[in-house]
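Data block below; observations after.
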Amino acid sequence: MAKESLCAKKKECGNGKMMMKKNLDHEGFAKQIIFAISNELLVKEGLDPSQILSTCTNHVMEGGSITISFLKSQCNEESKKSLKRKRENQDNVANKNCKTNNNSNIANVNDVILDQPVGLPMTFQEKIQEMEGREVKLVIQKQLFKSDLNSNNGRFSIPIQQIRHDARDFLTETDEFCLKERKGEGKNQRLVGFPVAVLDPSLKLYNMCFKKWKMEHTEVYNITSGWNELLRNNCLKAKDTVQLWSFRSNSNQLCFALVKL
Numbered sequence: 001m002a003k004e005s006l007c008a009k010k011k012e013c014g015n016g017k018m019m020m021k022k023n024l025d026h027e028g029f030a031k032q033i034i035f036a037i038s039n040e041l042l043v044k045e046g047l048d049p050s051q052i053l054s055t056c057t058n059h060v061m062e063g064g065s066i067t068i069s070f071l072k073s074q075c076n077e078e079s080k081k082s083l084k085r086k087r088e089n090q091d092n093v094a095n096k097n098c099k100t101n102n103n104s105n106i107a108n109v110n111d112v113i114l115d116q117p118v119g120l121p122m123t124f125q126e127k128i129q130e131m132e133g134r135e136v137k138l139v140i141q142k143q144l145f146k147s148d149l150n151s152n153n154g155r156f157s158i159p160i161q162q163i164r165h166d167a168r169d170f171l172t173e174t175d176e177f178c179l180k181e182r183k184g185e186g187k188n189q190r191l192v193g194f195p196v197a198v199l200d201p202s203l204k205l206y207n208m209c210f211k212k213w214k215m216e217h218t219e220v221y222n223i224t225s226g227w228n229e230l231l232r233n234n235c236l237k238a239k240d241t242v243q244l245w246s247f248r249s250n251s252n253q254l255c256f257a258l259v260k261l
């Protein structure tokens, strides 16, 4: 009885070794099939053969067989997983970029507003047409400072570096020559400038003077002689945002339109 039991165990053990050897043979065969047949399919899909190898090996160990249809199904399944991973990675990158762009947009709101200014109101367009004006250009958009409102200064400043790029040619060569003209002698010399017409926010026309002052590190255009009157008539205050538009009259005189935003 003991001998029979021992023999049975040996036989069972031997069958187990045979099954294991058979499974190992199947595993080796699976590897050959995968790398010889499915490799082309995997490369076309941009997939990693080792991912399919693991699945196929488990399939063989469970008693399954490797067929072309099985390989294709595994390729399709792995392709779907790979596509899902790519989309998840793209979504993560897109979300990070979106947060970065939102922060950047919030920080640059003022820059966007200045780069895309409000157009010239229709009432001003009609008035300029009535004056037979032409060559209309937005020269500058700025906030009024206390220096613009100080009656002792009596002038509206136009920093040259703040003039819009598409309006840098609003002055002619004759204008530039006139800005250099001075009167008096020695230390008594003073800038003369030249006459300009200015439309205020209520479309009232003023005769003023246009000058160019040289500061320590920069140069500034100024509209003077009548500016204080324009301030009083329009109740302008510090931090009001205004636009200064230039145009030429039918006699080629330089004119301005001051628009309050």
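Each residue of the sequence shown is one higher than the last, beginning at 1 in this note's numbering.
Glycine included, each C-beta is placed from N, C-alpha and C at the ideal position.
According to the DSSP assignment, N233 belongs to the alpha helix (DSSP H) that extends over W227 to N234.
In the structure shown, the three-state DSSP call for S151 is coil. Between the stretch 132-152 and the stretch 234-246, the count of C-beta pairs closer than 8 Å reaches three or more; the two stretches touch. Contact fails between the stretch 211-223 and the stretch 115-135, because fewer than three Cβ pairs, one in each stretch, are under 8 Å apart. In this structure the stretch 238-254 touches the stretch 131-142; the number of beta carbon pairs closer than 8 Å is three or more. At least 8 Å separates the beta-carbon of N233 from that of G154. According to DSSP, residue pairing for N222 in a beta bridge involves S157 and K211. For T241, the uninterrupted beta strand (DSSP E) run begins and ends at T241 to R248, by DSSP. An exposed status is given to P195, since fewer than 16 other beta-carbon atoms sit within 10 Å of its beta-carbon.
Here I160 has E219 as same chain residues with Cβ atoms under 6 Å from its own Cβ, once five neighbours each way along the sequence are excluded.
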